[in-house]
Amino acid sequence: MNLLAKQTKGFTLVELLVVIAMLSVMFAALAGLFIKLSTSYTAEEVKANAQQDLRAAMDFITRDIRMAGLDPTLSDNFGIIKAEDDNIRFTIDINLDGSIDDNDERITYFYDRPNNRIDQILGEGEGAPEQNTLIDYVFIPLGPYNIANNSLDDDPLFSYHDEDGALITTPVAAIELEDIREIRLTIKVRFPAGKKGAVERALTTRIQSRNLWF
């Protein structure tokens with residue numbers, strides 16, 4: 031009786047190399063997809079954070095400027111005392127005593143260009159001012175403001191308008207500070223987003239303080 035020998039075949043070297051090559055291609059594709067999804071997620075997360083920080087800063091500054099010039103005792107000691115493209119300082123009678131005697135009654139917002147941020151200073155010019163950073167990654171262009179150009183790239187941090195809506199030249203002269211009725215605030219940010227480069231966002235708003243009309 032003839033016995034047929036059973037022969038078990040394995041993979042040849044060539045077949046193994048082909049399989050390894052196919053797996054390498056598949057893993058490379060999966061890695062590329064993972065990196066792409068991770069980068070996309072990072073960019074979306076940065077966009078959300080940028081928008082959130084931008085709105086918070088806008089709301090914070092707007093709230094304070096709307097209170098500028100609050101003077102319930104009619105002392106004539108309160109109002110806007112400095113108005114520039116990247117700097118505004120004003121006073122508020124928070125404790126209703128007719129005097130500027132607390133840090134939070136003299137408020138400054140300014141663009142710290144070397145550090146690309148907007149800072150708030152309470153009590154500037156007084157004995158112990160308090161300085162706080164409001165938002166980072168701010169970009170405000172250099173150069174004169176061109177009112178004919180509607181691009182946010184050319185907008186200053188602050189612009190000032192009289193009761194007719196006319197733009198007041200900056201820095202606003204002391205004699206013209208009392209003519210300010212509206213402040214336009216524009217903040218543009220560039221948040222780093224890894225391989226996506228930078229995420230840019232910009233917001234602008236017009237602020238009126240009823241106290242400046244009296």
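Residues 31 to 244, numbered by the numbering used here, are exactly what the sequence shown covers, in order. Every residue gets a Cβ at the ideal spot worked out from N, C-alpha and C, and that includes glycine.
Outcome for N179 when other beta-carbon atoms lying within 10 angstroms are tallied against a minimum of 16: Stepping through the sequence shown from its first residue, residue 179 is reached at position 149. Below a pLDDT of 50, predicted positions are generally treated as unreliable, and N179, at 46, falls in that range; no measurement from the model is reported.
CB contact check: G153 to chain B, cutoff 9 Å: Among the protein chains of the structure shown there is no chain B, as only one such chain exists.
Cβ neighbour criterion (16 or more within 10 Å) applied to I205: By one-based count along the sequence shown, residue 205 stands at place 175. Per the 10 Å Cβ criterion, exposed.
Beta strand (DSSP E) segment containing S189, residue limits: Residue mapping note: residue 189 aligns to position 159 of the sequence shown, counting from 1. F188 to H191 is the span of the beta strand (DSSP E), which, as asked, contains S189.
Cβ-Cβ distance between R231 and I213 below 9 Å: For the purposes of this step, residue 231 is identified with residue 201 of the sequence shown, where counting begins at 1. For the purposes of this step, residue 213 is identified with residue 183 of the sequence shown, where counting begins at 1. Cβ atoms of R231 and I213: not closer than 9 Å.
Inter-residue spacing [alpha-carbon to alpha-carbon] between L233 and V168: What you label residue 233 is simply residue 203 of the sequence shown in a count that begins at 1. What you label residue 168 is simply residue 138 of the sequence shown in a count that begins at 1. About 12 Å.
Whole-angstrom distance between K218 and L164, CA atom to CA atom: On the sequence shown, position 134 is the one that residue 164 refers to. On the sequence shown, position 188 is the one that residue 218 refers to. Taking the straight line joining both Cα atoms gives about 13 Å.
Sequence-distant residues of the same chain with beta carbon closer than 7 Å to I130, five excluded per side: Here residue 130 is taken as the residue at index 100 of the sequence shown, counted from 1. Result list for I130: N107, T121 and R136, in chain order.
Distance between F221 and T103 (C-alpha atoms, nearest Å): The count along the sequence shown starts at 1 and reaches residue 103 at position 73. The count along the sequence shown starts at 1 and reaches residue 221 at position 191. Whole-angstrom Cα-Cα distance: 44 Å.
Residue range of the beta strand (DSSP E) that includes I124: Indexing the sequence shown from 1 puts residue 124 at position 94. Neither: I124 is in no beta strand (DSSP E) and is coded neither H nor E.
Among I198, T216 and S189, nearest to I85 - alpha-carbon criterion: Here residue 85 refers to the residue found at position 55 when the sequence shown is read from its first residue. The question names Ile, but residue 85 is Arg in the sequence shown. That would be T216, whose Cα lies nearest to the Cα of R85.
Contact check, A223 vs A73, beta carbons under 9 Å: Taking the sequence shown and counting its residues from 1, one reaches residue 223 at position 193. Taking the sequence shown and counting its residues from 1, one reaches residue 73 at position 43. Going by C-beta atoms, A223 is nearer than 9 Å to A73.
Nearest residue (CA-CA) to N145, options I170, E154, L152 and G157: As a first step, residue 145 is located in the sequence shown; it is residue number 115 there, counting from the start. It is I170 whose Cα lies nearest to the Cα of N145.
Classification of S181 by the beta-carbon crowding that lies within 10 angstroms, buried from 16 upward: On the sequence shown, residue 181 is found 151 positions in, with the first residue counted as 1. With a pLDDT of 46 at S181, under the threshold of 50, the predicted position of this residue should be treated as unreliable, though the coordinate-derived value follows. Per the 10 Å Cβ criterion, exposed.
Option in D127, A78, Y190 and M88 with minimal Cα separation from I111: Here residue 111 refers to the residue found at position 81 of the sequence shown. Looking at the Cα atoms, Y190 is the closest of the given residues.
With 16 other Cβ atoms within 10 Å as the buried cut-off, status of G99: Residue numbering aside, residue 99 sits at position 69 when the sequence shown is read from its first letter. That one is buried.
Identity of the residue in D166, I198, R211 and G227 nearest M88 by Cα: As a working mapping, residue 88 is identified with position 58 in the sequence shown. Among D166, I198, R211 and G227, the Cα nearest to that of M88 is on D166.
Nearest neighbour of S239, chosen from I124, F90, I95 and D209 [CA to CA]: Sequence index remark: in the sequence shown, residue 239 carries index 209 (1-based). Ranking I124, F90, I95 and D209 by Cα distance to S239 puts I95 first.
C-alpha distance - Q81 paired with P186, whole-angstrom precision: Locating residue 81 in the sequence shown gives position 51, where the first residue counts as 1. Locating residue 186 in the sequence shown gives position 156, where the first residue counts as 1. Those two C-alpha atoms are separated by around 19 Å.
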